[in-house]
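The structure appears below as structure tokens.
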Amino acid sequence: IKVTFIEHNGTVHTVDGEPGQTLMETAVKHAVPGIVAECGGACSCATCHVYVDDTWKEKTGAPSEMEEDMLDFAFDVRASSRLSCQIRLKPELDGLVVRIPEFQN
Ligand code: FES
Numbered sequence: 002i003k004v005t006f007i008e009h010n011g012t013v014h015t016v017d018g019e020p021g022q023t024l025m026e027t028a029v030k031h032a033v034p035g036i037v038a039e040c041g042g043a044c045s046c047a048t049c050h051v052y053v054d055d056t057w058k059e060k061t062g063a064p065s066e067m068e069e070d071m072l073d074f075a076f077d078v079r080a081s082s083r084l085s086c087q088i089r090l091k092p093e094l095d096g097l098v099v100r101i102p103e104f105q106n
């Protein structure tokens, strides 16, 4: 499952993810800058914040209530904001593109 992370400065990282892994775990494994993931995926730090491209929103689904609450602590939250530790990779997400917020590194 190929996923692409685009840094705020435009640097593109396309990496291979495993089904069942979260987007955050995939980013950390490949040392993608900007995905800090302080809490290790417990949905309690908001340092794994990403913007999901509009065309992918339907496939990634809607954030849970817990995730919405946590996103209130993230910077520059937009309609496309998600916590990458709450997105689990599956075959339908092959080709997923997300952007990393400016102030997260
Ligand atoms: Fe902490 Fe996602 S890794 S909220």
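Residues 2 to 106 in UniProt numbering are what the sequence shown lists, from first letter to last. The beta carbon of each residue, even a glycine, is placed where N, CA and C say it ideally should be.
Contiguous beta strand (DSSP E) elements confined to the UniProt domain "2Fe-2S ferredoxin-type" (2-105) occur at 3-7, 13-17, 50-53, 82-84, 97-100, taking only those with 3 or more residues. Apart from the 5 residues on each side of it in sequence, residue 8 sits with its Cβ closer than 7 Å to the Cβ of 34, 35, 101 in its chain, given in chain order. Beyond the five residues adjoining it in sequence on each side, residue 6 comes within less than 7 Å, by CB distance, of 14, 28, 33, 99, 101 in the same chain, given in chain order. In this structure residue 42 is not in contact with residue 68, their Cβ atoms being roughly 12 Å apart against a cut-off of 8 Å. Those residues placing their Cβ nearer than 7 Å to any heavy atom of the ligand FES are, following chain order, 25, 38, 39, 40, 41, 42, 43, 44, 45, 46, 47, 48, 49, 71, 84, 85, 86, 87.
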